[in-house]
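If you read the sequence shown in this note's numbering, its first letter stands for residue 92, the second for the next number, and so on.
Just so you know, even glycine gets a beta-carbon here, dropped at the ideal spot from N, CA and C.
As the structure is a prediction and not an experimental result, all values here were calculated from the model.
Accompanying notes for the structure given below.
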Amino acid sequence: MLNRMARVFEFTTNEQRMHMDKKWVRAVWREDEKEMELAIPSVWVEGNRIRWPNTSNAKSALKECKKPADKWLSFDLIKIKFSSDDYRECEDYDETTAVESECDSEPVMKRKPKKKVMSDFIMDSAEDNSSIKMQKKLPVAGFQRRVLYLLVEIRDLLKSPVTTASNTEDVDLVTIDSEEGFEALDRRLENRDFKASFKFLLQKIGGTDGTDHMKKAMLRTMTNSYMAGLNMKGKRGKKAFGSSQLYLLIKETVLTSHTQYTESKFNEDLAKFLKYAPERVGGGGRRRRDRLFFTFT
């Protein structure tokens, strides 16, 4: 009898050691008389126990695969169902084994980290609460769950400009008044992070409509004096604004914020705004050549 128990223990240990070679495991453990199941870092499994962060920011620890600290919670490990170096593969494992979940007499709860929901790891609480019922009632539960994952990711992408707010501390809307300043800003806008932060600041400017938003964004980023030397295509000795990174970003920001405002209308309004820049306050007035051309246009 003892020999048989020893062989079982040795087999279990070897099997567990095999799972530990992977970065992620899909573990089942007992917590408060309930069975919990989730894809977790393999380093959180210690023998026949699993460790769980004793903190409200469990998702951060999960994402970064942090090693357990002494103050972390400890629970009895029931089994390891699957292991992989890919989180998604581990998280979606139960979708491919629906037969097993349908045969279980007691539903297995998923451990849900507290507070903020991250689409890369944990679904919305409403989806979590309904996932068990969907698995038992619908044969295509795995497919539906995957669709929900994608919808959450799309939602987060649509909200992404909001997340750049915390990164705007080092970015400011400086009003350009020189060629050097314009070229420097245009180069910086080629950086994706800087561009996202700058776009967030342009969105905050707002406007009653697309035209108003465009004018405010232009006046916030350039002086009338500098705009007097610009036009859309660079004709008549002026600099072409229509080929710049700043033009593309202002257009993208305004059209995103005002969906009824068309690109052709934006370009038409912007061309007029640049055309009359010399006549606005600080624009310097029109040169004789510009006045003659303006008379015949």
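query: Simplified DSSP assignment, three categories, for residue 217; result: With a pLDDT of 47 at residue 217, under the threshold of 50, the predicted position of this residue should be treated as unreliable, though the coordinate-derived value follows. Here residue 217 sits in helix by DSSP.
query: Three-state secondary structure (DSSP) of residue 326; result: coil
query: Which of helix, strand or coil DSSP assigns to residue 270; result: helix
query: Length of the line joining the Cα atoms of residue 137 and residue 124; result: 20 angstroms
query: Segments assigned beta strand (DSSP E), at least 3 residues, entirely inside the segment 104–173; result: 115–122, 125–132, 140–143
query: Helix, strand or coil at residue 346 [DSSP, three-state]; result: helix
query: Residue 151 beta carbon near the ligand FAD (any heavy atom closer than 7 angstroms); result: Among the components modelled here there is no ligand, and therefore nothing to report on the ligand FAD.
query: Reduced DSSP category for residue 175 - H, G, I as helix; E, B as strand; rest coil; result: strand
query: Nearest-angstrom Cα separation, counted from residue 276 out to residue 293; result: 14 angstroms
query: Cβ neighbours of residue 146 in the same chain (closer than 8 angstroms, five flanking residues each side left out); result: 152
query: Per-residue DSSP class, three states only, for residue 249; result: helix
query: Cβ pair residue 165, residue 116 closer than 8 angstroms; result: no
query: Span separating the alpha-carbon of residue 359 from that of residue 114; result: 55 angstroms
query: DSSP-derived helix/strand/coil call for residue 365; result: helix
query: Same chain, Cβ closer than 7 angstroms to residue 228, five either side skipped, listed in chain order; result: Unreliable positioning characterises residue 228 in this predicted model, as indicated by a pLDDT of 49, which lies under 50. A coordinate reading is not provided.
query: Alpha carbon of residue 314 to alpha carbon of residue 270, nearest angstrom; result: 12 angstroms
query: Euclidean distance between Cα positions of residue 132 and residue 162; result: 17 angstroms
query: Helix, strand or coil at residue 319 according to DSSP, with G and I counted as helix; result: coil
query: Sequence-distant residues of the same chain with beta carbon closer than 7 angstroms to residue 306, five excluded per side; result: 364
query: Assigned exposure category for residue 118 - 16 Cβ within 10 Å defines buried; result: buried
query: Residue 290 vs residue 340 beta-carbon contact at 8 angstroms; result: yes
query: Integer Cβ distance of residue 355 from residue 304, believed to fall under 8 angstroms; result: The pair is not a contact, with the Cβ atoms about 16 angstroms apart (cut-off 8 angstroms).
query: Nearest candidate by alpha-carbon position, reference residue 142, set 154, 148, 120, 265; result: 120
query: Exposed unless 16 or more other CB atoms sit within 10 angstroms - verdict on residue 337; result: buried
query: Whole-Å CB distance - residue 265 paired with residue 285, under 8 angstroms assumed; result: In fact, because the Cβ distance is near 13 angstroms, the residues do not count as touching under 8 angstroms.
query: When 169, 140, 128 are compared against residue 183, the one with the closest alpha-carbon; result: 128
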